[in-house]
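**Student:**
2 protein chains.
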Amino acid sequence: MSIDQSARRGIPEVTVARLPEYLRALRGFAEQGTTSISSEDLAAATGVRSAKVRKDLSQLGSYGVRGVGYDVDHLAYQISLALGQTHDWPVAIVGMGNLGRALAAYRGFATKGFRIVALLDQNELLHGERIAGLVVRPVTDLPELVLEGLAIGVIATPADSAQDVSDRLVDAGVRSILNFAPTMLTVPDGVVVRKVDLSTELQILAFHEQRKVEPPTHLQEARA
Amino acid sequence: MSIDQSARRGIPEVTVARLPEYLRALRGFAEQGTTSISSEDLAAATGVRSAKVRKDLSQLGSYGVRGVGYDVDHLAYQISLALGQTHDWPVAIVGMGNLGRALAAYRGFATKGFRIVALLDQNELLHGERIAGLVVRPVTDLPELVLEGLAIGVIATPADSAQDVSDRLVDAGVRSILNFAPTMLTVPDGVVVRKVDLSTELQILAFHEQRKVEPPTHLQEARA
DNA sequence: ACGTCCTTGTGAAGAGATGCACAAAGTCAC
DNA sequence: GTGACTTTGTGCATCTCTTCACAAGGACGT
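Going down the list, the sequences are from chains A and B.
According to the numbering used here, the first sequence holds residues 1360 to 1583 in order.
According to the numbering used here, the second sequence holds residues 1360 to 1583 in order.
Structural data, given as structure tokens:
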């Protein structure tokens, strides 16, 4: 897994995955005027143990003050620095189906430092259409977009064209991909892929749901 | 974390999370006529190590044949059995914004045994509107839906109403929740929550992207 | 029927993440 | 200044997940 490589000598991947949660919680505290916060309170707000919070934060450096806690603003700044939120990341969304359109219209990205700079689709019929203030363009525009700074590509196509789109993204120079298509992507070393699969999440829930209905399956069989 | 509880004495959570991937790969192999598959090939198709595949599958039982491999159809059946895909799971989506509408229109759920039975929103103005063949209903209909078998709730509301919706789901008797709102939900024991956060995923990508641009930050500082 | 070959299933080792518990280090009241 | 108090940062034990490596088991050709 190419993600693990970049964690080598760096911050553990599990910690990185929690940093956005801490950051969100901190922003919340800052909004309601809290200026200082203990690891215990931050843990409560994010649903983890306080020791884990402290260990995670210590990966970034020693930004806490013993006996007091962490300065909310300063810690938020340090985390956003680590996450690269200090500058804007241009993002392109490929695939203008239902999901692609929803992502294009989603307001939550802008505040996190992501700017959707292009909407692409392989279907010519969509080219030129206006969605969320942007004109849909062909995927052949990708090299041009990378020259303009594009770094992150979001794949919101059906499964069967996802690998093709992925190849085009990689060829154009994109090295970070968020994949919503229900398929595994093959990419060269150095390219990081994260996958979000709605069906998978529901299937995991279904597994647990099923467990609740008939918990002691083995025992029941043994009883027969 | 309530999810870990159900993993106690059962299949490890990490394994459960990989089962849908195996199942998807198996369906693909079945479609192209492959009847038998080795752990090595299944590993290649899903991007994991073969030993991991074998250990994961051995959690379900001994369905492989030494020297030969696994029967594709039988293994797919066993996994779908473990995941509870043998019967349909009624799903309700709460929050008919962009994302909620996209989810309502998503065709991928049906083939995985999920049936979207209701679309709900707290905004009265939307009630009665038709989306993807379903009429939008008020969240107060939840108890009724649970009586009709509703088991899984999807939260696609803005962050500020997510906890309220979550409480209503739980009160109505829903014990499995998929949360797309960028906020932590507090639920009683026995309720399983999975969270999908689009911004978080992008932030993790941005972290890795940043690493690539300026790998040896500390060394640069030391040099100064 | 026998031996060769192949792949599973799994103990054991290794790597990684989590949780505990406490010394270290700072604040604050007086 | 001093001491009581609070909370961090972290070494260590524990737990979980992964990887290795190989014996056990079964198919298949001869």
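Yeah, the Cβ is synthetic: ideal placement off N, Cα and C, and Gly gets one too.
Please read all numbers here as calculations on a predicted model, not as lab measurements.
Note down, in chain order, every chain B residue with its Cβ under 8 Å from the Cβ of residue 1559(A).
**Tutor:** Locating residue 1559(A) in the first sequence gives position 200, where the first residue counts as 1. Within chain B, the residues near residue 1559(A) are 1376, 1379, 1380.
**Student:** Among 1375(B), 1492(B), 1557(B), which one has its Cα closest to the Cα of residue 1417(B)?
**Tutor:** As a position in the second sequence, residue 1417(B) is number 58, starting the count at 1. Nearest option by C-alpha distance: 1375(B).
**Student:** If the cut-off is 9 Å on Cβ atoms, which residues from the segment 1524-1537 of chain B count as contacting chain A, listed in chain order?
**Tutor:** Correct list: 1534, 1535, 1536, 1537.
**Student:** Using the C-alpha atoms, what's the distance from residue 1500(B) back to residue 1519(B)?
**Tutor:** In the second sequence, the residue the question calls residue 1519(B) occupies position 160. In the second sequence, the residue the question calls residue 1500(B) occupies position 141. Distance between the alpha carbons of residue 1519(B) and residue 1500(B) is about 21 Å.
**Student:** According to DSSP, is residue 1579(A) part of a helix, a strand, or is it coil?
**Tutor:** Working through the first sequence from its first residue, we reach residue 1579(A) at position 220. Only weak support exists for where residue 1579(A) lies, its pLDDT of 40 falling under 50; the coordinates are left without a value.
**Student:** For the alpha helix (DSSP H) containing residue 1457(B), list its first residue and its last residue.
**Tutor:** Position 98 of the second sequence holds residue 1457(B). Its alpha helix (DSSP H) spans residues 1457-1464.
**Student:** Out of 1566(A), 1571(A), 1540(A), point me to the one whose CA is closest to residue 1419(B)'s CA.
**Tutor:** Residue 1419(B) sits at position 60 when you count from the first residue of the second sequence. Looking at the Cα atoms, 1566(A) is the closest of the given residues.
**Student:** In terms of residues, what are the limits of the beta strand (DSSP E) holding residue 1535(A)?
**Tutor:** Here residue 1535(A) refers to the residue found at position 176 when the first sequence is read from its first residue. Segment 1535-1538, the beta strand (DSSP E) holding residue 1535(A).
**Student:** Excluding the 5 residues flanking residue 1388(A) on each side, which residues of the same chain have their C-beta closer than 7 Å to its C-beta?
**Tutor:** As a position in the first sequence, residue 1388(A) is number 29, starting the count at 1. So the list reads 1396, 1431, once near-sequence residues are dropped.
**Student:** Hey, out of 1557(B), 1383(B), 1525(B), 1504(B), whose CA is closest to residue 1472(A)'s CA?
**Tutor:** Indexing the first sequence from 1 puts residue 1472(A) at position 113. Taking only the C-alpha atoms, the option nearest residue 1472(A) is 1557(B).
**Student:** For the segment 1420-1451 of chain A, enumerate the residues whose C-beta is nearer than 8 Å to any C-beta of chain B, in chain order.
**Tutor:** Listed by position, the residues of the segment 1420-1451 of chain A near chain B (Cβ gap below 8 Å) are 1441, 1442, 1443, 1444, 1448, 1450.
**Student:** Tell me the DSSP bridge mates of residue 1451(A)?
**Tutor:** For this step, residue 1451(A) is matched to residue 92 along the first sequence. For residue 1451(A), which the question treats as bridged, DSSP gives the partners 1477(A), 1512(A).
**Student:** Tell me whether residue 1445(B), by its Cβ, gets closer than 7 Å to a heavy atom of the ligand NAP.
**Tutor:** Ligands displayed in this structure: none; no statement on the ligand NAP is therefore possible.
**Student:** For residue 1494(B) and residue 1478(B), what's the separation of their Cα atoms in angstroms?
**Tutor:** Along the second sequence, one-based indexing puts residue 1494(B) at 135. Along the second sequence, one-based indexing puts residue 1478(B) at 119. Distance between the alpha carbons of residue 1494(B) and residue 1478(B): 7 Å.
**Student:** Just verifying my parser: in three-state terms, what is the DSSP assignment at residue 1428(A)?
**Tutor:** For the purposes of this step, residue 1428(A) is taken as residue 69 along the first sequence, with counting starting at 1. Three-state result, residue 1428(A): strand.
**Student:** Looking at the C-beta of residue 1371(A), does it have a partner C-beta in chain B at a distance below 8 Å?
**Tutor:** The residue labelled residue 1371(A) in the question sits at position 12 within the first sequence. No, residue 1371(A) lies away from the interface with chain B (no Cβ there is under 8 Å from its Cβ).
**Student:** Kindly indicate which three-state DSSP category residue 1438(A) falls into: helix, strand or coil?
**Tutor:** Taking the first sequence and counting its residues from 1, one reaches residue 1438(A) at position 79. The answer is helix: DSSP assigns residue 1438(A) an H, G or I state.
**Student:** Put residue 1387(A) into one of helix, strand or coil per three-state DSSP.
**Tutor:** Here residue 1387(A) corresponds to residue number 28 of the first sequence, with the count starting at 1. In this structure, residue 1387(A) counts as helix in the three-state DSSP scheme.
**Student:** Just by C-beta distance, which residues in the segment 1492-1516 of chain B are closer than 7 Å to chain A?
**Tutor:** Under the 7 Å Cβ criterion, the segment 1492-1516 of chain B contributes 1510, 1511.
**Student:** In whole angstroms, what separates the C-alpha of residue 1407(B) from that of residue 1514(A)?
**Tutor:** Taking the first residue of the second sequence as 1, we reach residue 1407(B) at position 48. Taking the first residue of the first sequence as 1, we reach residue 1514(A) at position 155. Those two C-alpha atoms are separated by around 22 Å.
**Student:** Among the residues of its own chain, which have a CB less than 6 Å from the CB of residue 1524(B), if the five just before and after it don't count?
**Tutor:** If you number the second sequence from 1, residue 1524(B) lands on position 165. Around residue 1524(B): 1453, 1514, 1516.
**Student:** Just to make sure I have the definition right: I need the residues of chain A whose C-beta is within less than 8 Å of the C-beta of residue 1551(B). Which are they?
**Tutor:** For the purposes of this step, residue 1551(B) is taken as the residue at position 192 of the second sequence. Per Cβ cutoff of 8 Å: 1564, 1567, 1568.
**Student:** Between 1382(A), 1476(A), 1541(A), 1467(A), which has its C-alpha nearest residue 1443(A)'s C-alpha?
**Tutor:** Counting from one through the first sequence, the residue named residue 1443(A) turns up at place 84. Comparing Cα positions, the closest option is 1382(A).
**Student:** Comparing alpha-carbon positions, which option in 1392(B), 1384(B), 1503(B) lies nearest residue 1451(B)?
**Tutor:** As a first step, residue 1451(B) must be located in the second sequence, where it is residue number 92. Of 1392(B), 1384(B), 1503(B), the residue nearest in Cα terms is 1503(B).
**Student:** Which of the three DSSP states is assigned to residue 1496(A) in this structure?
**Tutor:** Translated into positions along the first sequence, residue 1496(A) becomes position 137. Strand, per DSSP.
**Student:** Compute the beta-carbon to beta-carbon distance between residue 1455(B) and residue 1485(B), rounded to the nearest angstrom, for a pair I have assumed lies under 8 Å.
**Tutor:** Indexing the second sequence from 1 puts residue 1455(B) at position 96. Indexing the second sequence from 1 puts residue 1485(B) at position 126. 5 Å between Cβ atoms; contact.
**Student:** What does the Cβ neighbour count give for residue 1541(A), buried or exposed, with the cut at 16 atoms within 10 Å?
**Tutor:** By 1-based counting over the first sequence, the position of residue 1541(A) is 182. Counting Cβ neighbours within 10 Å, residue 1541(A) comes out buried, since at least 16 surround it.
**Student:** Can you name the residues of chain A whose CB is closer than 7 Å to the CB of residue 1473(B)?
**Tutor:** One-based indexing of the second sequence puts residue 1473(B) at position 114. Simply 1561.
**Student:** If we cut at 8 Å on Cβ distances, does residue 1541(B) have a partner in chain A?
**Tutor:** The residue given as residue 1541(B) occupies position 182 in the second sequence. Yes, residue 1541(B) lies at the interface with chain A (some Cβ there is under 8 Å from its Cβ).
**Student:** To the nearest angstrom, how far is it from the Cα of residue 1563(B) to the Cα of residue 1379(A)?
**Tutor:** Sequence index remark: in the second sequence, residue 1563(B) carries index 204 (1-based). Sequence index remark: in the first sequence, residue 1379(A) carries index 20 (1-based). Rounded to whole angstroms, residue 1563(B) to residue 1379(A) spans 8 Å at the Cα level.
**Student:** Do you know offhand how far residue 1547(B)'s Cα is from residue 1527(B)'s?
**Tutor:** Position 188 of the second sequence, counting from 1, holds the residue named residue 1547(B). Position 168 of the second sequence, counting from 1, holds the residue named residue 1527(B). Those two C-alpha atoms are separated by around 12 Å.
**Student:** What is the DSSP secondary structure of residue 1413(A), reduced to helix, strand or coil?
**Tutor:** Taking the first residue of the first sequence as 1, we reach residue 1413(A) at position 54. Residue state, collapsed to three classes: helix.
**Student:** Select from 1448(B), 1449(B), 1447(B), 1423(B) the residue whose C-alpha is nearest the C-alpha of residue 1437(B).
**Tutor:** Stepping through the second sequence from its first residue, residue 1437(B) is reached at position 78. The shortest C-alpha separation from residue 1437(B) is found at 1423(B).
**Student:** To be precise: take each residue of the segment 1386-1406 of chain B, compare its Cβ to all Cβ atoms of chain A, and keep it if any distance is under 8 Å. Which residues remain?
**Tutor:** Listed by position along the chain: 1404, 1405, 1406.
**Student:** Chain A partners of residue 1546(B), CB-CB under 9 Å?
**Tutor:** By one-based count along the second sequence, residue 1546(B) stands at place 187. Here the premise fails: no neighbours, minimum Cβ distance about 10 Å.
**Student:** Quick one: grab the DSSP three-state call for residue 1397(B).
**Tutor:** Here residue 1397(B) refers to the residue found at position 38 of the second sequence. Correct three-state label for residue 1397(B): coil.
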